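Listed below in structure tokens is the structure:
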């Protein structure tokens, strides 16, 4: 884009008084003759050098960049700067050889060149007759279109013929009037405005033009009269609203453009004129703030769409200061009408009466298309309905039928989707393809910017108008069923690619999810039109779970199960619905009896149907349910069943999932060595780059990595455990799945807390709480709060820790989410003992002991004994009793080969022995345990042990 100076020079070139000669110090530059003379004697100057000199003279006293000079002398060519320097040097030589003692052309380092002397401009006499302009008065300031004004003005002055196109209400007329107004002043008022909205017949266009130009017709040929008249003066003609008479307009404009070289043509239309010489400028919507952001009201009101809305709101009587929340709501309103200027104005004008909240409700209702505008507005801008209806009534019958049927789509759709859904005996595939292209040309359909490549979408206001037409057409039920069948085919195709590709497939389905949701909702609400809905919900559940749309999944699966057709019972459709219901109930309502019943019902049906993959996924769900409820003693049996089922599937993916389940069960039961073997076997069957298995709402690769990290830490390899933690988080993040990320953060934060890594634990716990809130995952939020308490205890603030631990444990108990109950109870008991609440500490400890013993959580036995010893010691119990608890902890840890707990037990015992003057024994116990870790010296426990050994 050229600078303001370039635009001014271009305007000067085309206006009535334009530069013809430049004069300075005896030199005369003649633009018409393309020559330079000195004191009347013509000098030899090359064509490139002449163009460079003229560019410098046009801007005398200003620095002109090298880029501008090169573009003037070598338009549309790429040349080196050396060529420019050669021509500058030739000009300087020319001036010196003719007696100049002044350096007319000065080099400005890294900026360009400067003509230093004053220049006299000699103008041609005015060619213009008395001025003529009939531009209507601009009613208000144009907001957010500064760049567009500059771009169109530049294009118009360069090419002479520009059509501003775009959908109704986007602001084409306002933009054109502002451009014409700015040029009006520069070409002495020779601007002719022709409003074609009221011209109902093509043969009236000539009459409207002749009348606006003030021409007396000579003979019957109006176009010839206009050509003759306009050749006498330079004029800008603005034709507004050409779309309904576009064929007749195209003939006239083609003739005028060809035969009147000093004429400028500016048109507005919902589609291009499509004639020789026309340059099309497509006007987009006003820019709207991003919806997913933490912008303040001050930042949001900098966006053009919001500025226009608030200007109209204030004009309607709104006087309140805009809060951050109100500003975000305004941004949503602007986004909900696609940033359309007219729709924003109409919405803003209701704020004085309804407030921002009321306007939001109004604009998102079906009644928004009826919102009245200003009484003095042109008819097609009196309401959104009038705006869309104007375009709709101009369409031929085929295009009307296509756009009405396309209203079944919500959001994006492809050409193939349109053909599958709306073709019939009346509309062939060729008809649909041609019609969509035509509707795009007419700005009634736009290209989609979503995931779908080559997708289309209807603007929201258009969609609401033609949706009403579809409801009135009598075709609604037929089109709905075809739409549903198409969506079922898309979902079935993505599923047939295999579970290993579900991640990619579900992301590809992101842009059709709006269509799926609308189809399901409409069919569930319509008792007479439930065909295929259960099948559609069944196929959609994996997508809903992947995108954490748990409430929708719960609602739809329940309703779909209630309206199953007789031929859908005891089929894969019913099985998928039970599976989706079980997952969504677990994550929205906790570990309830309904969750267990749904899982068991699904397992029973999967076995009846010999659906081994579904059975394994549901067994994984049962495994997760029992883990969450703390019924660890049942996990071995479930894992053994999973191994047997996976053997029937013959797939590394499902075998790995069963092996991870077994690894979890063995880990919780206390055999970390065997658990490690199962985790490593599962890892060898998969790679983090290509493997993805989502079963029962869990990413089992991420789950396997989490268990592996815990096992590694317990076995005395904290550094490797931390590496696996980072990988688990990376995998969960790559899935873009809220539940998976919460689980990864929850488990890896536990490892950080075990290591005493306060910084890393803080980051993970903070993220866990944030994500749990974002996806309304109450159990994980309670885990995050409990971990925050754990962290406070670790940092030496037990009272704050006690408060968070109690709050979190209380919620987890209500949710029956007990997977980390023993862990949190042990930390709470230690914290209570620290603040001299020893009796309560013992009570909490016994609760932890009882839970871990009855539920089979054997890997915590050593820690239970150690913490009991700590409380006994703080309470002043006999030393022998304290020592026995520490020795029990050490023995259990050694038997289970849990080095992490062994180091803690050895350190606690050594501290006691030192107090008893038994330093040698303390040193031996410490050294024996420390040596098992090799070079692993980074954890807080190890640092404490090493410092203690050093002090002996």
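Numbering (the working numbering), first residue to last: 178 to 1129. Ideal placement from N, C-alpha and C gives every residue a C-beta, glycine not left out. This structure is a prediction, so every number in the text was calculated from the model and none was measured.
Every alpha helix (DSSP H) stretch that sits fully inside the segment 397-429 and reaches 4 residues is listed by chain position as 399-407. The beta-carbon distance between residue 360 and residue 368, rounded to whole angstroms, is 7 Å. This is short enough to meet the 8 Å contact definition. For the options 835, 530 and 379, the alpha carbon positioned closest to that of residue 793 is the one of 835.
From the listed residues 412, 538, 639 and 750, the smallest Cα separation to residue 669 is found for 750. Remark: fewer than three beta-carbon pairs, one from each stretch, lie closer than 8 Å, so the segment 970-980 and the segment 992-1002 are not flagged as touching. Residue 206 sits close to residue 234, with the two beta carbons spaced by under 8 Å. With a 10 Å radius around the Cβ and a threshold of 16 neighbouring Cβ atoms, residue 222 comes out buried. The beta carbons of residue 622 and residue 609 sit no closer together than 8 Å.
Here the C-alpha atom of residue 471 lies approximately 24 Å from the C-alpha atom of residue 518. Counting of Cβ neighbours within 10 angstroms places residue 473 among the exposed residues, the total staying below 16.
Rounded to the nearest whole angstrom, the CA to CA distance from residue 461 to residue 287 is 37 Å.
Within the DSSP secondary-structure output, residue 582 pairs in no beta bridge. Where residue 206 is concerned, the enclosing beta strand (DSSP E) starts and stops at 204-207. Residue pairing by DSSP places residue 284 opposite 290 in a beta bridge. Annotation note: the segment 902-953 contains the following uninterrupted alpha helix (DSSP H) runs of length 4 or greater, listed N- to C-terminal: 915-932 and 935-951. Residue 660 counts as buried, since no fewer than 16 other beta carbons sit within 10 angstroms of its beta carbon. Under the three-state reduction of DSSP output, residue 633 falls in the strand class. Our two residues, residue 1093 and residue 1106, have alpha carbons roughly 20 Å apart in a direct line.
With a cutoff of 8 Å on beta-carbon distance, residue 283 and residue 291 are scored as near each other. For residue 203, the closest alpha carbon among the candidates 485, 216 and 1053 is that of 216. Spatial neighbours of residue 421 in its own chain (CB-CB distance under 7 Å, excluding positions within 5 residues in sequence) are listed in chain order as 571. Excluding five sequence positions before and after residue 494, the CB atoms of its chain that fall closer than 6 Å to its own CB belong to 529, given in chain order.
Straight-line measurement puts the Cα of residue 1017 at about 12 Å from the Cα of residue 1003. Taking a C-beta distance under 8 Å as the contact criterion, residue 979 and residue 1015 do not qualify as a contact pair. Between the C-alpha atoms of residue 224 and residue 408 there is a straight-line separation of about 30 Å.
In the DSSP annotation of this structure, residue 279 is not part of any alpha helix (DSSP H), being labelled neither H nor E. Excluding residues up to 5 positions away in sequence, 711, 714 and 754 lie with their Cβ nearer than 6 Å to the Cβ of residue 737 in the same chain.
Look at residue 447 here: in three-state DSSP terms it is coil, with no helix or strand label. The beta carbons of residue 1125 and residue 1087 sit about 6 Å from each other, so the pair counts as a contact at 8 Å. Beta-bridge pairing by DSSP links residue 370 to 415.
The three-state secondary structure of residue 215, taken from DSSP, is strand. In the DSSP assignment, residue 342 falls outside any alpha helix (DSSP H) and lies within the beta strand (DSSP E) extending over 338-342.
With contacts defined by Cβ atoms closer than 8 Å, residue 403 and residue 433 form a contacting pair. In this structure, DSSP gives residue 622 an extended state, which the three-state scheme calls strand. For residue 831, the enclosing alpha helix (DSSP H) stretches over residues 829-846. Shown here, residue 255 sits in coil according to DSSP, grouped into three states, outside any helix or strand.
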